[in-house]
């Protein structure tokens, strides 16, 4: 997930205009925090997948030379 600030701002603005969000500034902060909280999880997962790929490649190379 990438953090898309213009989309986030537009999303909260539309919700505010249609009466779904009462406090505009608080909503922006809440949605931004929720978006930011998911980024480290994605980054950790991506790093884990990359390390697993490298591990698999090295195991395959070792098996070829054995």
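Residue numbers (my numbering): 78 to 143.
Glycine included, every Cβ here is placed at the ideal spot set by N, Cα and C.
Owing to the predicted nature of the structure, the values given are computational and were not obtained by experimental measurement.
- prompt: Assuming residue 108 contacts residue 85 under a Cβ cut-off of 8 angstroms, what Cβ separation, rounded to an integer in Å, is found between them?
  reply: 6 angstroms
query: Taking the alpha-carbon positions, what's the residue 132 to residue 139 distance?
result: 11 angstroms
Reduced DSSP secondary structure (H/G/I, E/B, other) of residue 84: helix
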